[in-house]
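In this note's numbering, the protein residues as written are 488 to 814.
Below is one structure, written out as structure tokens, with a few remarks after it.
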């Protein structure tokens with residue numbers, strides 16, 4: 488067993504997990520190990536968030552860890568993947584490593600009172616602050632007011648130990664040492680944020696000390712207003728989620744591209760997840776081509792069905808095409 492392992496990293500500074508490859512190690516085995524690894528770290532011990540975690544198995548996923556931490560061209564493992572020593576330990580002399588993430592964000596009202604809700608919030612903050620591919624530098628996606636609001640909530644929780652308790656009151660006594668005036672010279676480097684975040688605060692290639700100063704002051708004012716509200720931490724988690732999905736509606740969703748066929752043969756195709764060896768799921772980069780005569784529109788339906796209290800995803804693809812998730 489020595490050396491036959493891979494590593495899984497997590498959001499929010501949670502320690503990585505080393506998983507040894509045993510015979511017939513499955514995707515579900517690894518997801519379960521990851522959930523057990525994080526549940527005591529992200530869930531309030533006095534709440535029910537860490538119970539019935541199996542319900543949320545289908546929303547989590549394993550993404551191949553990119554060297555620069557970017558989410559561009561993500562490589563997701565399919566649900567039927569099995570791990571083997573030769574193919575899953577090393578690739579081109581480099582050790583395999585994966586990220587544990589919420590892959591499918593449930594649409595609708597967000598509640599942080601579950602292992603999925605707690606981890607999704609931590610993941611959103613990490614992506615907003617540190618993902619080089621996240622459109623945080625785009626003013627047409629994040630207006631200045633929304634950008635400062637989300638940045639303020641992120642800074643509010645920096646240096647805070649997990650779990651982030653939903654019923655904790657954020658008041659004027661809540662410490663944010665990173666934004667003391669004595670730290671202005673090292674602002675925004677102390678935020679440990681992406682270049683896009685830092686550039687937006689300082690002017691980027693048109694670096695401007697005045698802009699940096701007023702960004703610092705505006706952020707302090709925003710934080711003061713947040714603390715004066717004396718809201719529970721739950722409120723800020725819900726607000727963060729609300730604005731992220733409003734500004735980036737494709738967050739934690741997958742977009743599939745289709746190509747018209749020059750050979751329109753009339754056939755139909757059904758793809759389902761979690762069917763073991765019969766599953767027709769794809770790895771990123773693989774192509775599935777099916778053609779339907781006179782098919783001008785494409786419908787993609789991803790639904791969660793409940794069977795005896797457990798959620799199972801179905802992916803229905805009544806169409807053509809090269810299937811390629813772009814986020």
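No residue lacks a Cβ here, since even glycine has one placed at the ideal position from N, Cα and C.
All of these numbers come straight from a predicted model, not from anything done at the bench.
Non-local beta-carbon contacts of residue 730 in its own chain, meaning distances under 7 Å to residues more than five positions away in sequence, involve 633, 636, 637 in chain order. Exposed is the label assigned to residue 676, since fewer than 16 other Cβ atoms lie within 10 Å of its Cβ.
In this structure residue 514 does not touch residue 551 by the C-beta definition: roughly 13 Å separates them, more than the 8 Å allowed.
The shortest CA-to-CA distance from residue 602 to any of 540, 524, 690, 713 is the one to 540. The segment 695-702 and the segment 594-612 do not touch, with fewer than three beta-carbon pairs separated by less than 8 Å. Nearest in C-alpha terms to residue 587, of all of 631, 644, 640, 506, is 506. Annotation for residue 532: 650 place their beta carbon closer than 8 Å to its own, counting only its chain and skipping 5 residues before and after.
At a cut-off of 4 residues, the continuous stretches assigned as alpha helix (DSSP H) that sit fully inside the segment 579-647 are 602-617, 631-643. A straight line joining the alpha-carbon of residue 519 with that of residue 737 spans about 26 Å.
For residue 623 and residue 561, the gap between their C-alpha atoms comes out near 18 Å. Between residue 599 and residue 654, the C-beta gap is not smaller than 8 Å, which leaves the two residues out of contact. Burial check for residue 725: the Cβ neighbour count within 10 Å reaches 16 or more, so the residue is buried.
By the criterion of at least three beta-carbon pairs nearer than 8 Å, the segment 494-504 is in contact with the segment 606-618. Collapsing the DSSP output to three states places residue 690 in coil. Residue pairing by DSSP places residue 550 opposite 563, 586 in a beta bridge. With respect to the C-alpha of residue 656, the residue from 645, 568, 491, 720 having the closest C-alpha is 720.
Looking at the backbone, the Cα of residue 631 and that of residue 696 are separated by about 18 Å. Counting along the chain, residue 705 sits inside the alpha helix (DSSP H) bounded by residues 696-716.
Residue 644 is positioned such that its CB atom lies no closer than 8 Å to that of residue 665. Taking C-beta separations shorter than 8 Å and ignoring five residues to either side along the sequence, the partners of residue 713 in its chain run 639, 640, 643, 657, 723, following chain order. Between residue 596 and residue 727, the gap from beta carbon to beta carbon reaches 8 Å or more.
Excluding its 5 nearest sequence neighbours in each direction, residue 543 has C-beta neighbours in its own chain below 8 Å: 522, 601, 602, 603, 798, listed in chain order. Per DSSP, residue 507 is one residue of the beta strand (DSSP E) stretching across 504-507.
Here the alpha carbons of residue 553 and residue 683 stand approximately 18 Å from one another. With contacts defined by Cβ atoms closer than 8 Å, residue 590 and residue 546 form a contacting pair. The beta carbon of residue 549 sits closer than 6 Å to the beta carbons of 564, 585 from its chain, once the five residues preceding and following it are set aside; these are given in chain order. With respect to the 8 Å criterion, residue 734 and residue 628 are classified as neighbours on the basis of their beta carbons.
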